[in-house]
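Okay, so here's the structure we're looking at.
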Amino acid sequence: MIGINAGGGTRLQPRPGCRRWFLRTNRSDQEAVVQWIYQLNRARVVRGDKVILDDVTLSFLPGAKIGVVGPNGAGKSTLLRVMAGLEKPSNGDARAAPDISVGLLPQEPVLDENKSVLDNVRAGVADTEALLARYTEITARLADDCSDELLTEMGSLQEQLDHRGAWDLDSRLEQAMDALRCPPSDADVRDLSGGERRRVALCRLLLAQPDLLLLDEPTNHLDAESVQWLELHLADYPGTVVAVTHDRYFLDNVAQWILELDRATLTLIKATTPPTSTPRPPDCRSKDARTPSGCVTCSASWNGFAREPRPAGEKQCTASPLRGNGGAGRQDPSH
1 MIGINAGGGT RLQPRPGCRR WFLRTNRSDQ EAVVQWIYQL NRARVVRGDK VILDDVTLSF
61 LPGAKIGVVG PNGAGKSTLL RVMAGLEKPS NGDARAAPDI SVGLLPQEPV LDENKSVLDN
121 VRAGVADTEA LLARYTEITA RLADDCSDEL LTEMGSLQEQ LDHRGAWDLD SRLEQAMDAL
181 RCPPSDADVR DLSGGERRRV ALCRLLLAQP DLLLLDEPTN HLDAESVQWL ELHLADYPGT
241 VVAVTHDRYF LDNVAQWILE LDRATLTLIK ATTPPTSTPR PPDCRSKDAR TPSGCVTCSA
301 SWNGFAREPR PAGEKQCTAS PLRGNGGAGR QDPSH
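With full-length UniProt numbering applied, the sequence shown covers 1 to 335.
Encoded structure:
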């Protein structure tokens with residue numbers, strides 16, 4: 001589900017049909033066509049006099065759950081902005097696959113201050129609500145007009161709505177707001193704290209369900225139960241997730257792969273997907289270890305994937321993804 005190019009064109013990825021890792025050179029890439037959801041190709045990102053990424057090639061398939069770690073100031077937030085298309089590489093290429101939706105939770109999200117909390121959250125499902133409205137309109141028209149054109153459109157709409165899980169949209173929205181401890185629905189956005197704004201923005205983004213979900217410190221300002229609900233939701237998330245975080249429990253419970261960004265180099269430091277048999281840990285390094293430029297050092301050791309228990313004393317979350325927790329009272333951990 002993830003491939004990283006190192007110096008010399010070596011790619012690290014799982015062999016199709018099993019979970020054993022192997023190394024493959026670009027010469028044999030012609031053997032199969034791989035549909036990557038996102039690719040960085042020899043990307044170099046420079047901000048001022050600082051190099052954020054230096055000749056990095058990275059690609060992964062739909063459904064990958066990836067954590068990104070690194071020292072403060074390494075450029076992790078910039079990496080997410082590049083992946084979201086908000087910034088461009090200085091050199092090289094960065095692109096999502098065609099027709100892929102991308103959503104980003106930045107550290108300081110922007111909300112519409114002219115709308116209530118509920119209306120800001122509903123903005124994440126505006127497209128789905130438009131489809132529902134059209135479906136309702138066609139249903140009413142069919143009483144007088146059973147044309148093939150309307151029936152065909154109705155069938156297409158039903159398929160899209162089924163795929164989005166739209167039939168219980170209001171219930172899912174309310175449950176997500178409860179699980180993330182969002183402020184009251186009618187609260188004035190201008191009065192919200194920074195933590196409350198992030199929770200509203202996170203709720204909006206999760207309900208939008210982009211194919212590529214980019215999260216910058218998603219557990220900030222969440223209490224323990226909300227974090228565990230988020231872990232369950234992301235573990236079952238149908239799209240690709242890339243999360244920058246310092247929360248090691250979150251990484252253990254969600255991330256299948258962990259990348260480290262340090263000194264302009266991305267390094268695969270952990271692969272936690274459980275193998276069908278214990279493989280030899282892959283290791284691909286630059287021939288010149290003194291020169292990180294143009295190389296991604298990949299070194300992965302197997303570490304059985306299991307949900308890491310929270311420290312003793314913390315409540316365990318029993319809510320399932322987008323099912324809330326019985327409407328428990330909302331709190332503001334940011335205060």
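Beta carbons are placed, not taken as given, at the ideal position from N, Cα and C, and that holds for glycine.
In the DSSP assignment, the residues bridged to Tyr-38 are Phe-60, Ala-96. Counting C-beta pairs with one atom in each stretch, the segment 199 to 212 and the segment 97 to 104 have three or more that are closer than 8 Å, which means they touch. The segment 62 to 71 makes contact with the segment 249 to 264, as at least three CB pairs between them are under 8 Å. Per DSSP, reduced to three states, the secondary structure at Gly-103 is strand. Annotation: the continuous alpha helix (DSSP H) that includes Val-227 extends over 224 to 235. Under the three-pair Cβ rule at 8 Å, the segment 177 to 190 counts as touching the segment 112 to 120. Secondary structure of Leu-206 (DSSP, three-state): helix. Straight across, the Cα-Cα distance linking Asp-144 with Ile-138 is about 10 Å. Here the segment 68 to 75 lies against the segment 44 to 54, with 3 or more beta-carbon pairs under 8 Å apart. Judged by DSSP in its simplified three-state form, Asp-247 adopts coil rather than helix or strand. Arg-190 places its beta carbon 8 Å or farther from that of Ala-123. Spatial neighbours of Ala-84 in its own chain (CB-CB distance under 6 Å, excluding positions within 5 residues in sequence) are listed in chain order as Val-102, Leu-104, Leu-214.
Asn-114 carries a coil assignment under DSSP once its states are collapsed to helix, strand and coil.
DSSP, reduced to helix, strand and coil, places Ala-133 within a helical segment of the structure shown. Counting the other CB atoms within 10 Å of its CB gives Val-110 a total below 16, which places it among the exposed residues. Straight-line spacing of the CA atoms in Arg-47 and Thr-265 works out to 15 Å.
Straight through space, the alpha carbons of Glu-174 and Thr-267 are spaced by roughly 39 Å.
Comparing C-alpha distances from Glu-217 to each of Gly-239, Val-244, Arg-198, Ala-201 shows the shortest one belongs to Val-244.
Under the DSSP assignment, Lys-65 falls in the beta strand (DSSP E) whose first and last residues are 65 to 69.
Thr-219 is positioned such that its CB atom lies closer than 8 Å to that of Leu-230.
Ser-156 and Leu-261 have their C-alpha atoms roughly 43 Å apart. Comparing C-alpha distances from Leu-222 to each of Leu-234, Ser-90, Arg-199 shows the shortest one belongs to Arg-199.
In the structure shown, the three-state DSSP call for Lys-76 is helix. Of the candidates Arg-248, Leu-202, Ala-224, the residue whose Cα lies closest to the Cα of Pro-106 is Leu-202. According to the DSSP secondary-structure assignment, Arg-47 is paired through a beta bridge with Lys-50.
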